[in-house]
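Structure first, then comments.
Right, dumping it as structure tokens:
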């Protein structure tokens, strides 16, 4: 029995010696340790002076805090360097380790916010989240290693494993006013004003600003600014192009350069290097700048929801096309001479045709000239009219045509009327010539007879 007690005493003594680095509770070493502080762990809050309402739990937690108040540090070395920072919550081994004067920060996770120095109003959640950001403020960084190798960013929202993380051994700025959500989203981003949503969207971007990317690998290789790319791998290969709007899965994947383009629809594409080119519709493709392509073999309807042809325009008013060609006027020179043109058939279809003049009533034509009752003006009367007016009777003057124009149907009928009148004048003249020739022949016969006597 004596041996048992001796052995037990040795075991307890041994365990006590092995546990000397553990500390259950302690008081501050300062003569003025503040009030309402909870200090648990070796050297936790050991130099606190006037700081109040702090809770430090863990080895060296809040070790350098002097005047900082209302802090909660939990974990070995959590908030170890904090001096004056207040209203911080650091949870995890070395969480907020280097924070000095930063306040209103929340860091949860091993080494999260580890290099936070003077930054304030940050929220870091995840292993090493925002661990290298000393002076940045108003950031929300959630996810393992999110924003890990970035510094001095302001007003960023970064969510996802390695989102905005940067590269190991290369400390770069996080940029400002960014929203990066997704696994490795905006991994290399150092620019500002970007919104990247989707795994690996904006992965390569460093200097491009004011981009909006939504979708897996959307804008993956992007380095330029002011692009809106939405959809799975939308605009994945764009590098230097700017001001592009690309919407649809796999759309714009052929572009590396080019600006001010709009592509909308699944796999809508454009030739590389274009400007101000638009393709709308699944599988649509535009090949030249300053062009608009609608669909891929589709019908386009204006004023109708069921177009039956490549372009169908339904006017809100009957007998009106609903179209206007503003720059084509009466002063426009003819660029091409042809006897074919586009017209509309009885079904409203636009067809190619030759010019055909039609009338709605026989009275509109000039056959009346050959009527027995037609009053043909004497040539003397026509001569007097031309001498006084300077043009044929019934024909509009040049001044009238200039100011009022002419009806082509009426003009064609009028011109034919004058031709038919000329025909009548010619027939009348021929009759007179024939009569005169007959009289001449008779006179010649009489002369011959007289000369024989």
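In the working numbering, the protein residues as written are 1 to 453. We treat Cβ as the ideally placed atom computed from N, Cα and C, and that holds for glycine.
If I follow the unbroken beta strand (DSSP E) through residue 159, where does it start and stop? Its beta strand (DSSP E) spans residues 157 to 159.
For residue 387, which of helix, strand or coil comes out of DSSP? Residue 387: helix per DSSP, three-state reduction.
How big is the Cα-Cα spacing for residue 186 and residue 267? Residue 267 has its alpha-carbon roughly 24 angstroms from the corresponding atom of residue 186.
Boundaries (first-last residue) of the beta strand (DSSP E) holding residue 280: That run of the beta strand (DSSP E) goes 278 to 280.
Supposed contact pair residue 100 and residue 118 - C-beta distance, whole angstroms, cut 8 angstroms: Indeed, because the Cβ distance is near 6 angstroms, the residues count as touching under 8 angstroms.
Cut-off 6 angstroms between Cβ atoms - residues of its own chain near residue 293, not counting five sequence neighbours on either side: In chain order, 279, 284, 286 place their CB closer than 6 angstroms to the CB of residue 293, counting only its own chain and leaving out the 5 sequence neighbours on each side.
What do you get for residue 169, buried or exposed, if any count of 16 or more other CB atoms within 10 angstroms of its CB means buried? Burial call: exposed.
Output needed for residue 312: all residues of its chain with C-beta closer than 6 angstroms, excluding positions within five of it in sequence on either side, in chain order. Answer for residue 312: 301, 304, listed in chain order.
Determine the direct distance from the alpha carbon of residue 346 to that of residue 195, and round the result to whole angstroms. Take the alpha-carbon of residue 195 and the one of residue 346: they are about 55 angstroms apart.
Among residues of its own chain, excluding the 5 on either side of residue 115, which ones have a beta-carbon nearer than 7 angstroms to its beta-carbon? These residues qualify, in order along the chain: 98, 131, 132, 133, 134.
I need the boundaries of the alpha helix (DSSP H) containing residue 427, first residue and last residue. Here the alpha helix (DSSP H) through residue 427 covers 408 to 452.
Nearest to residue 228 by CA position, among 254, 197, 206, 207, is which residue? For residue 228, the closest of 254, 197, 206, 207 by C-alpha to C-alpha distance is 197.
If you draw a straight line from the C-alpha of residue 104 to the C-alpha of residue 54, how long is it? The straight-line gap from Cα to Cα measures roughly 13 angstroms.
In whole angstroms, what is the alpha-carbon distance linking residue 200 and residue 93? Roughly 29 angstroms between the two C-alpha positions.
Are the beta-carbon atoms belonging to residue 239 and residue 221 less than 7 angstroms from one another? In terms of Cβ geometry, residue 239 and residue 221 form a close pair [threshold 7 angstroms].
Please state if the CB of residue 166 and the CB of residue 150 are separated by a distance shorter than 7 angstroms. Contact flag set, yes.
Give the single residue among 67, 391, 324, 203 whose Cα lies nearest to the Cα of residue 102. Comparing Cα positions, the closest option is 67.
Leaving out five residues before and five after residue 376 in sequence, what residues of the same chain have Cβ atoms less than 7 angstroms from its Cβ? Here the set comprises 421, 424.
Quick check: what's the CA-CA separation for residue 237 versus residue 72? Residue 237 and residue 72 have their C-alpha atoms spaced approximately 46 angstroms apart.
Buried or exposed: residue 216, going by 16 or more other Cβ atoms within 10 Å of its Cβ? Buried, by the Cβ-count rule.
Would you identify the three-state DSSP class for residue 312, choosing helix, strand or coil? The answer is strand: DSSP assigns residue 312 an E or B state.
With 16 other CB atoms within 10 Å as the buried threshold, where does residue 474 fall? The structure shown does not extend to residue 474, since the chain is modelled only from 1 to 453, so the question has no answer here.
Opening and closing residue of the alpha helix (DSSP H) in which residue 403 lies: Residue 403: member of the alpha helix (DSSP H) spanning 398 to 404, first to last residue.
Among 250, 255, 316, which one has its Cα closest to the Cα of residue 224? Closest by alpha carbon: 255.
Could you tell me if residue 203 is buried or exposed, where buried requires 16 or more neighbouring beta carbons within 10 angstroms of its beta carbon? Counting Cβ neighbours within 10 Å, residue 203 comes out buried, since at least 16 surround it.
How would you call residue 417, buried or exposed, if buried means at least 16 neighbouring beta carbons within 10 angstroms? By the neighbour-count criterion, in which a residue is buried when 16 or more other Cβ atoms sit within 10 angstroms of its Cβ, residue 417 is buried.
Inter-residue spacing [alpha-carbon to alpha-carbon] between residue 409 and residue 360: Just so you know, the alpha carbons of residue 409 and residue 360 end up roughly 10 angstroms apart.
With 16 as the cutoff for other CB atoms within 10 Å, does residue 231 come out buried or exposed? Around the CB of residue 231, 16 or more other CB atoms lie within 10 Å, so the residue is classed as buried.
Does the beta carbon of residue 115 come closer than 7 angstroms to any beta carbon on chain C? Looking at the structure shown, chain C is missing, and only one protein chain is on hand.
By Cβ distance below 8 angstroms, which residues in the same chain neighbour residue 20 in space, the five residues on each side in sequence not counted? Note that residue 20 scores a pLDDT of 40, beneath 50, so its modelled location is shaky and nothing firm can be said.
Out of 247, 82, 140, 272, which one is the CA nearest neighbour of residue 106? When the alpha-carbon of residue 106 is set against those of 247, 82, 140, 272, the nearest one is in 140.
If you drop the 5 nearest sequence neighbours on each side, which residues of the same chain put their C-beta closer than 6 angstroms to that of residue 314? Answer for residue 314: 303, 304, listed in chain order.
In terms of DSSP beta bridges, what is residue 350 paired with? Answer by DSSP bridge pairing, in chain order: 344.
Put residue 471 into one of helix, strand or coil per three-state DSSP. Outside the displayed range of the chain (1 to 453) lies residue 471, so it cannot be described from this structure.
Could you please give me the residues that DSSP links to residue 93 through a beta bridge? DSSP, once it has assigned bridges, lists no residue as partnering residue 93.
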